[in-house]
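Structure, as structure tokens:
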Amino acid sequence: MRGDEEWGSIPELVRAAARRYGSAEAVADGRTRLSYAELGERVERAAAACLASGVEPGDRVAIWAPNTPDWIISALGAVTAGAVLVPLNTRFKGTEAAYVLRRSRARLLFVTGTFLGTSYVASLRRAEVRLPDLERVVVLADTAPEDYTSWPDFLAAGEGVLPSAVRERAAAIAPSDPSDIIYTSGTTGAPKGAVITHAQTLRAYGIWSDLAGLREGDRYLIVNPFFHTFGYKAGIIACLMRGATMVPQPVFNVDTVLANIAAERISVLPGPPTLHQSLLDHPARDAHDLSALRLVVTGAAVVPLRLVERLRNELRIATVLTAYGLSEASGIVTMCRRGDAPEVVATTSGRAIPGTELRVLAEPGAPGEVQVRGFHVMGGYFEDPDTTAATMTEDGWLRTGDVGVLDAAGNLRITDRIKDMFIVGGFNAYPAEIEQLLGLHPDVADVAVVGIPDPRLGEVGKAYAVRRRGATLTADDLIAWSRREMANFKVPRAVEFVAELPRNASGKVVKGELRGRA
Numbered sequence: 293m294r295g296d297e298e299w300g301s302i303p304e305l306v307r308a309a310a311r312r313y314g315s316a317e318a319v320a321d322g323r324t325r326l327s328y329a330e331l332g333e334r335v336e337r338a339a340a341a342c343l344a345s346g347v348e349p350g351d352r353v354a355i356w357a358p359n360t361p362d363w364i365i366s367a368l369g370a371v372t373a374g375a376v377l378v379p380l381n382t383r384f385k386g387t388e389a390a391y392v393l394r395r396s397r398a399r400l401l402f403v404t405g406t407f408l409g410t411s412y413v414a415s416l417r418r419a420e421v422r423l424p425d426l427e428r429v430v431v432l433a434d435t436a437p438e439d440y441t442s443w444p445d446f447l448a449a450g451e452g453v454l455p456s457a458v459r460e461r462a463a464a465i466a467p468s469d470p471s472d473i474i475y476t477s478g479t480t481g482a483p484k485g486a487v488i489t490h491a492q493t494l495r496a497y498g499i500w501s502d503l504a505g506l507r508e509g510d511r512y513l514i515v516n517p518f519f520h521t522f523g524y525k526a527g528i529i530a531c532l533m534r535g536a537t538m539v540p541q542p543v544f545n546v547d548t549v550l551a552n553i554a555a556e557r558i559s560v561l562p563g564p565p566t567l568h569q570s571l572l573d574h575p576a577r578d579a580h581d582l583s584a585l586r587l588v589v590t591g592a593a594v595v596p597l598r599l600v601e602r603l604r605n606e607l608r609i610a611t612v613l614t615a616y617g618l619s620e621a622s623g624i625v626t627m628c629r630r631g632d633a634p635e636v637v638a639t640t641s642g643r644a645i646p647g648t649e650l651r652v653l654a655e656p657g658a659p660g661e662v663q664v665r666g667f668h669v670m671g672g673y674f675e676d677p678d679t680t681a682a683t684m685t686e687d688g689w690l691r692t693g694d695v696g697v698l699d700a701a702g703n704l705r706i707t708d709r710i711k712d713m714f715i716v717g718g719f720n721a722y723p724a725e726i727e728q729l730l731g732l733h734p735d736v737a738d739v740a741v742v743g744i745p746d747p748r749l750g751e752v753g754k755a756y757a758v759r760r761r762g763a764t765l766t767a768d769d770l771i772a773w774s775r776r777e778m779a780n781f782k783v784p785r786a787v788e789f790v791a792e793l794p795r796n797a798s799g800k801v802v803k804g805e806l807r808g809r810a
């Protein structure tokens with residue numbers, strides 16, 4: 293098997309996959325079936341269109357769309373043209389997307405028309421006044437509103453670009469060049485862009501593919517969103533490396549997952565524990581043929597031992613693995629190994645991947661901040677030296693903000709989050725960011741958000757709010773307002789009004805007290 297070191301860039305990987313796997317099925321999406329050779333051709337067409345539209349090496353190209361073949365083609369096309377990909381969260385509202393577009397200074401945006409009843413184009417129009425760098429918006433559909441470009445028209449404009457020009461542009465990409473900027477929120481509440489290179493991506497997901505045991509001919513249901521490292525890199529990039537078939541699913545719906553597993557003979561199903569729990573508990577599970585499933589990779593939350601045992605025993609899944617990562621470390625830090633005991637898989641996130649140093653700032657066996665150093669750690673946040681300096685030590689250690697414990701075998705168990713982050717059905721939710729948004733409500737004087745347990749999603753947000761004097765705001769009012777102003781996973785599921793928030797001597801909210809009350 294070719295090692296990832298033979299691919300200097302993602303465009304080289306795409307071309308190599310087209311040559312090596314040729315007629316094998318690369319993408320299966322309903323009636324859309326693309327071989328690896330056809331995928332390679334379509335990516336080069338998209339790259340030619342990017343060149344025709346004026347994309348230069350290093351330009352940021354954003355994509356705001358669900359898991360579809362067009363996402364794969366347009367994103368890989370942009371990267372082949374030498375652009376740096378900026379994926380946007382499909383749950384974002386217009387103002388949230390505009391913030392990332394503005395910070396990244398994206399010149400081109402690929403956007404879906406409508407998704408989950410939301411018109412992204414309409415959201416963008418409302419926010420576009422603040423985007424001076426955005427030169428072109430391409431709607432991934434057959435038609436587009438005035439001032440925007442449809443996908444067919446965009447591709448047609450690239451027909452005059454010679455294939456040799458596309459190859460020349462792709463060949464000029466160095467392994468050390470940025471391949472993407474993944475925007476992630478932190479304690480400041482504002483998303484920050486982790487810059488990751490081609491070499492980091494390829495080496496990290498070559499390792500991921502090896503440890504997971506992904507192989508040629510696997511059929512991989514990608515429910516994890518493409519805008520997330522888990523969906524894009526452990527999904528699209530890993531499949532390209534191993535010749536697996538990508539089966540994109542735009543929305544997590546357990547009925548659709550079951551139908552896809554049976555109809556497409558799915559063998560690989562990564563995702564958050566919520567996904568696998570829903571699958572096991574579905575009343576119609578036994579009516580579907582799930583026998584092709586052989587590999588599950590999960591993480592991003594606490595994984596019950598019972599879940600691991602049920603996947604192995606009830607669904608006869610040979611390999612169940614857990615992993616831990618964060619965007620600043622290319623999405624992967626530790627991973628279990630095939631053959632690990634169920635207890636290790638359920639209670640830890642495995643051991644450091646090859647080429648990675650891991651330390652916990654505490655006595656052996658005690659909890660402390662997890663820090664990581666290695667080939668896959670970002671060079672820094674995009675155009676944000678101050679935040680980079682606060683996150684990285686001078687000798688290259690990344691401060692993860694997570695609290696964990698290392699056992700004698702080197703397995704990492706994440707116990708808490710310094711950053712207060714909680715995880716809603718696999719999506720990272722950051723209280724500081726949610727609090728900033730809630731604070732914009734005219735009737736909210738003060739607010740704090742904590743994560744509380746939820747049987748279906750793992751955790752959800754609860755807001756403790758102080759009303760402005762004379763206000764009659766209700767919990768239902770604030771939740772309804774939140775649904776209009778922020779992504780669904782950020783919306784607090786419960787609101788409790790209090791006279792004042794508990795604060796310590798330095799004025800910081802005592803979140804532990806609120807969690808205890810919740």
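When we follow my numbering, the leftmost residue of the sequence shown carries the number 293, and every step to the right adds one.
Where a beta carbon is used, it is the ideal one built from N, C-alpha and C, also for glycine.
Check whether the Cβ of residue i sits closer than 6 Å to any heavy atom of the ligand NAP, and report yes or no.
i    : result
M538 : Among the components of this structure there are no ligands whatsoever, and the ligand NAP is therefore not found.
Measure the C-alpha to C-alpha separation of residue i and residue j and round it to an integer number of angstroms.
i    : j    : result
G591 : A633 : 16 Å
P303 : E460 : 11 Å
Y475 : F719 : 13 Å
W299 : H490 : 9 Å
E686 : G666 : 14 Å
L503 : G452 : 43 Å
L729 : M778 : 8 Å
P596 : V636 : 11 Å
Q569 : R748 : 9 Å
G731 : L653 : 34 Å
R785 : A724 : 16 Å
L572 : I609 : 12 Å
L532 : A318 : 8 Å
V371 : R337 : 12 Å
R776 : I465 : 41 Å
E606 : W443 : 44 Å
K385 : S415 : 7 Å
R323 : A448 : 23 Å
I529 : A367 : 12 Å
With the cut-off set at 7 Å, would you say residue i and residue j are in Cβ contact?
i    : j    : result
A320 : V625 : no
A496 : S301 : no
I710 : E751 : no
D694 : V662 : yes
V589 : V600 : no
A398 : R422 : no
H733 : W689 : no
L704 : G717 : no
L561 : A536 : no
V430 : F407 : no
G647 : M627 : no
P349 : G374 : yes
P659 : T692 : no
S396 : R352 : yes
From the DSSP output, read off the bridge partner residues of residue i.
i    : result
T614 : T590
G750 : V716, D746
G322 : Beta-bridge pairing links G322 to no other residue.
Y497 : Y497 pairs with nothing; no bridge assigned.
P540 : I514
L825 : The first residue shown for the chain is 293 and the last is 810, placing residue 825 beyond what the model contains.
R709 : D694
T648 : G666
E788 : Y756
Y673 : A486
Leaving out the 5 sequence neighbours to the left and right, which residues in its chain are closer than 7 Å to residue i when beta-carbon positions are compared?
i    : result
P437 : V413
F544 : V515, L567
L393 : A354, L401, L423, L426
A763 : D735
What whole-angstrom Cβ distance do residue i and residue j have, given they're in contact under 8 Å?
i    : j    : result
S471 : L377 : 7 Å
Y722 : K484 : Incorrect: roughly 11 Å between the Cβ atoms, too far for contact.
V458 : L587 : Between L587 and V458 the Cβ distance is about 35 Å, and since that is not below 8 Å, they are no contact.
G332 : R307 : 6 Å
P379 : F518 : 7 Å
A433 : G450 : In fact, because the Cβ distance is near 18 Å, the residues do not count as touching under 8 Å.
E620 : A486 : 5 Å
G753 : I726 : 6 Å
Within a Cβ cutoff of 8 Å, which residues of the same chain sit near residue i, ignoring the five residues on either side of it in sequence?
i    : result
P794 : V801, V802, E805, L806
A791 : V758
R284 : Absent from the structure is residue 284, since the part of the chain shown begins at 293 and ends at 810.
Identify, in the order they occur along the chain, each residue of the same chain with its Cβ nearer than 6 Å to the Cβ of residue i, setting aside the five sequence neighbours on each side.
i    : result
R557 : R511, A584
A329 : A310, G314
A737 : V758, R760
Q492 : S622, H668
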